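Asker: Would you mind keeping the following structure in view while I ask a few things?
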Amino acid sequence: MSNEVAVRSNIKNLIEADRTRYEQIAPKHINMDRFITSAAIAIYENPKLQECDPVSIRAAAQTGAELGLDFTKVKGHAYLVPFGGKCVFIPGWRGLVDLAKRDKTIKDIQAHLVYANDHFVIQYGTDPKLDHVPCISGDRGAVVGGYAVGFFTDGGCHYEFMTIFEMDKIKNQAIAKARDKNKSPWTTDVDEMYRKTPIRRLCKYLPSNPDLDKALELSDNAYESTESIPAAISPEVSAELVPPGAQKPGNVGAPPVENSNPAPERTKRTRRTKAEIKAARAQGIEPTAVPAELPDGKPKTPAAEAPEGAVDLW
Numbered sequence: 143m144s145n146e147v148a149v150r151s152n153i154k155n156l157i158e159a160d161r162t163r164y165e166q167i168a169p170k171h172i173n174m175d176r177f178i179t180s181a182a183i184a185i186y187e188n189p190k191l192q193e194c195d196p197v198s199i200r201a202a203a204q205t206g207a208e209l210g211l212d213f214t215k216v217k218g219h220a221y222l223v224p225f226g227g228k229c230v231f232i233p234g235w236r237g238l239v240d241l242a243k244r245d246k247t248i249k250d251i252q253a254h255l256v257y258a259n260d261h262f263v264i265q266y267g268t269d270p271k272l273d274h275v276p277c278i279s280g281d282r283g284a285v286v287g288g289y290a291v292g293f294f295t296d297g298g299c300h301y302e303f304m305t306i307f308e309m310d311k312i313k314n315q316a317i318a319k320a321r322d323k324n325k326s327p328w329t330t331d332v333d334e335m336y337r338k339t340p341i342r343r344l345c346k347y348l349p350s351n352p353d354l355d356k357a358l359e360l361s362d363n364a365y366e367s368t369e370s371i372p373a374a375i376s377p378e379v380s381a382e383l384v385p386p387g388a389q390k391p392g393n394v395g396a397p398p399v400e401n402s403n404p405a406p407e408r409t410k411r412t413r414r415t416k417a418e419i420k421a422a423r424a425q426g427i428e429p430t431a432v433p434a435e436l437p438d439g440k441p442k443t444p445a446a447e448a449p450e451g452a453v454d455l456w
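And the structure:
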């Protein structure tokens, strides 16, 4: 068996191991074979995911099954993203739309960009109004904003508009925190990200449903701390995900190697805030030291990093 075939087999087996659980929690319309294949392909095509903790991979895949969102690229419903050695589940904007529309009060959700040469009028107050007629006679010009509209079955609607300044503020923050700025979706798929930003804002004002609420929470938490990642599953489920003798974290896709001597894990150096450094200096502590606690007894909180290849930042 070639190394490539062995990697594919190991990844597929990792996801396939939880098929019964997926079938128990997934919505009835989900094709389980297609879901498992989408997860396996997503992991195989991203070597950094293969280095993630297998527990986090299975937990992220389980979240996708529970929400009924698979990882097919064309659909763009959800993504598996490597973050600090763990795999994070992050919903795409199409996934958010799908979840929102499961509420029977939502008829449709649309998102559009507004260009400089379009006819666009927006009005708030007691007589809200949004009128958008795209320019079709020539160059539409630069993007000046974007909006998302939720249409209700009773004939009403709710919209959220964001200026290019507001969207670029989010874009610049995401790119600044990306480990590989050239691969950030804000660099490679900027128009899609411009559409997602007002959709996420809109979803927070639509009728609440458990699946949509969970997707928004997971998407938000993924950028705050790696500690939020295991929240995708319950503690008892997390304990079951790696039975005795199962593969240890790291190198998910690699075939087993006998008598291997893995290199010792590097200790990650955390960054301190200016306030922490100032407090340490006041106590006569060497500035280069990185204490577990500050002199005032407050625990040190490591600076959060954005997931590599993350699809959004809110």
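Heads up: the sequence shown runs through residues 143 to 456, numbered per the numbering used here. Using N, Cα and C, we set each Cβ at its ideal position, and we do this for glycine too. Being a predicted model, the structure only gives us computed values, none of them experimental.
What would DSSP say about Phe177, mapped onto helix, strand or coil?
Answerer: In the three-state scheme derived from DSSP, where H, G and I count as helix and E and B as strand, Phe177 is classed as helix.
Asker: Kindly identify the DSSP beta-bridge partner or partners of Ile199.
Answerer: DSSP output for Ile199 lists no bridge partner at all.
Asker: Throw me the rounded Cβ distance for the Leu222 and Phe231 pair, which I believe falls under 8 Å.
Answerer: 7 Å
Asker: Output the distance between the C-alpha atoms of Ala258 and Ala168, rounded to the nearest integer angstrom.
Answerer: 44 Å
Asker: In angstroms, rounded to a whole number, what distance separates the CA positions of Lys215 and Ala207?
Answerer: 16 Å
Asker: Does the distance between the C-beta of Glu187 and the nearest non-hydrogen atom of the ligand SAM fall short of 8 Å?
Answerer: No copy of the ligand SAM occurs in the structure displayed, which carries no ligand at all.
Asker: According to the Cβ coordinates, are Met304 and Arg343 closer than 9 Å?
Answerer: yes
Asker: Can you tell which of Thr179, Gly298, Glu334 has its C-alpha closest to the C-alpha of Lys154?
Answerer: When only C-alpha atoms are compared, the closest one is Thr179.
Asker: Which residue comes first and which comes last in the alpha helix (DSSP H) that contains Pro327?
Answerer: 327–330
Asker: Rounded to whole angstroms, what is the Cα-Cα separation between Pro340 and Ala253?
Answerer: Within the model, the alpha-carbon separation for Pro340 versus Ala253 is close to 8 Å.
Asker: Can you check the segment 214–249 for any beta strand (DSSP E) of at least 3 residues that lies completely inside it and give the ranges in chain order?
Answerer: 220–225, 228–233
Asker: Give the list of continuous alpha helix (DSSP H) stretches no shorter than 4 residues that lie fully inside the segment 255–309.
Answerer: none
Asker: In this structure, does DSSP put Ala148 in helix, strand or coil?
Answerer: helix
Asker: Measuring alpha carbon to alpha carbon, tell me which residue in Val263, Gly298, Glu187 is nearest Pro224.
Answerer: Glu187
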